[in-house]
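Novice: First the structure, then my questions, so here it is.
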Amino acid sequence: MSNDKKSLKILVFSTDKISDPGIDQAGLRKIHYTPSVYVISMPCSSGVKPRWILHAFEKGFDGVFIAADGHECSYSASCAEHTNNIVLEAQKLMTEKNINPKRIRMAALCSVCAEPFASHMENFSKILAGLEE
Numbered sequence: 017m018s019n020d021k022k023s024l025k026i027l028v029f030s031t032d033k034i035s036d037p038g039i040d041q042a043g044l045r046k047i048h049y050t051p052s053v054y055v056i057s058m059p060c061s062s063g064v065k066p067r068w069i070l071h072a073f074e075k076g077f078d079g080v081f082i083a084a085d086g087h088e089c090s091y092s093a094s095c096a097e098h099t100n101n102i103v104l105e106a107q108k109l110m111t112e113k114n115i116n117p118k119r120i121r122m123a124a125l126c127s128v129c130a131e132p133f134a135s136h137m138e139n140f141s142k143i144l145a146g147l148e149e
C-alpha cells in the first residue's frame, strides 16, 4: 500500500453499460474527485474475482471500489447479491493477509450517477487516509 497520503490510489471496477456512463459524466462535467482513481471496465460487477482485488493491493493500490450494477444488471437478476458475496470473500482473504477489510467498498452506481460517484470517491479517500494514520 502507498505511503504517500496525498496520492492514495483507488482501483474502481465499473460496468460498461451501467456505472461507466455515470463515471464518464463526472469527468465530462468536471466534477472534482480524487485524481488517483483508476477505472477498469467490465460487463458485470459480479464478474470481479477476489484474487483481482488482492492483486490490486499487492500492486500498491490503497483501496478498491466496486461500482456495482445493483438491480439494473442486464446479465444477472442476482448481480447485487453475487457482487456482495465477492466483496465478503475478498474481505476474508484480505484479513488473512493482514489487509484492513475497510479498504474495499461497493456501491450501486447508475448511468446518471456522476455526483454520487464523486462523493463516493471523496468519502472513500477520507476513509483510506484515516487508515494510513
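If you read the sequence shown in the working numbering, its first letter stands for residue 17, the second for the next number, and so on.
Backbone N, C-alpha and C define an ideal beta-carbon position, used for all residues, glycine too.
Since the structure is predicted, the reported quantities are computational estimates derived from the model, not experimental observations.
(1) Which of helix, strand or coil does DSSP assign to Ile143?
(2) For Asp20, count neighbouring C-beta atoms within 10 Å of its own C-beta (all shown protein chains included) and say buried if the count is 16 or more, exposed if not.
(3) Measure the beta-carbon distance from Arg119 to Val55 and round it to whole angstroms, keeping in mind my assumption that it falls under 8 Å.
(4) So, at 7 Å on beta carbons, what are the nonlocal neighbours of Ser18 in its own chain, with the 5 sequence-adjacent residues on each side left out?
(5) Among residues of its own chain, excluding the 5 on either side of Phe133, which ones have a beta-carbon nearer than 6 Å to its beta-carbon?
(6) Only counting runs of 4 or more residues, tell me where the alpha helix (DSSP H) segments fall wholly within the region 82-121, in order along the chain.
(7) In the DSSP output, what is Ile26 paired with across the bridge?
(8) Quick one: using the 10 Å Cβ neighbour count with 16 as the cut-off for buried, is Val28 buried or exposed?
(9) Can you tell me which residues form a DSSP beta bridge with Met58?
(10) Do you know offhand how far Glu112's Cα is from Ala130's?
(11) Using a Cβ-Cβ cut-off of 8 Å (strictly less than) and excluding sequence neighbours within five positions of Ser52, which residues of its own chain qualify?
(12) Work out the CA separation of Lys46 and Lys65 for me, nearest whole Å.
(13) For Asp32, is the classification buried or exposed, using 16 other Cβ atoms within 10 angstroms of its Cβ as the cut-off for buried?
Specialist: The structure says:
(1) Taking the first residue of the sequence shown as 1, we reach residue 143 at position 127. Ile143: helix per DSSP, three-state reduction.
(2) Stepping through the sequence shown from its first residue, residue 20 is reached at position 4. Residue confidence is low: Asp20 scores 45 on pLDDT, short of 50, so the model does not pin down where it sits. Its coordinate-derived value is still stated next. Its Cβ having fewer than 16 others within 10 Å, Asp20 is exposed.
(3) In the sequence shown, counting from the first residue as 1, residue 119 sits at position 103. In the sequence shown, counting from the first residue as 1, residue 55 sits at position 39. Rounded, the Cβ-Cβ distance is 17 Å, inconsistent with contact.
(4) Here residue 18 refers to the residue found at position 2 of the sequence shown. Caution is warranted here: a pLDDT of 48 is assigned to Ser18, below 50, making its placement in the model unreliable, and no coordinate value can be reported.
(5) As a position in the sequence shown, residue 133 is number 117, starting the count at 1. Closer than 6 Å at the Cβ level, and outside the excluded window around Phe133, lie Gly38, Ile39, Ala42 and Leu125.
(6) 95-112
(7) Counting from one through the sequence shown, the residue named residue 26 turns up at place 10. In the DSSP output, where bridge partners are listed per residue, Ile26 has Val53 and Gly79.
(8) As a working note, residue 28 is residue 12 in the sequence shown. Buried, since its Cβ has 16 or more Cβ neighbours within 10 Å.
(9) As a working note, residue 58 is residue 42 in the sequence shown. In DSSP, Met58 forms a bridge with Thr31.
(10) For the purposes of this step, residue 112 is taken as residue 96 along the sequence shown, with counting starting at 1. For the purposes of this step, residue 130 is taken as residue 114 along the sequence shown, with counting starting at 1. Answer to the nearest angstrom: the Cα atoms are 35 Å apart.
(11) Indexing the sequence shown from 1 puts residue 52 at position 36. Within the same chain, Ser52 has close Cβ partners Ser23, Leu24, Lys25 and Ile26.
(12) Counting from one through the sequence shown, the residue named residue 65 turns up at place 49. Counting from one through the sequence shown, the residue named residue 46 turns up at place 30. Whole-angstrom Cα-Cα distance: 31 Å.
(13) Locating residue 32 in the sequence shown gives position 16, counting from the first residue. Under this definition Asp32 is an exposed residue.
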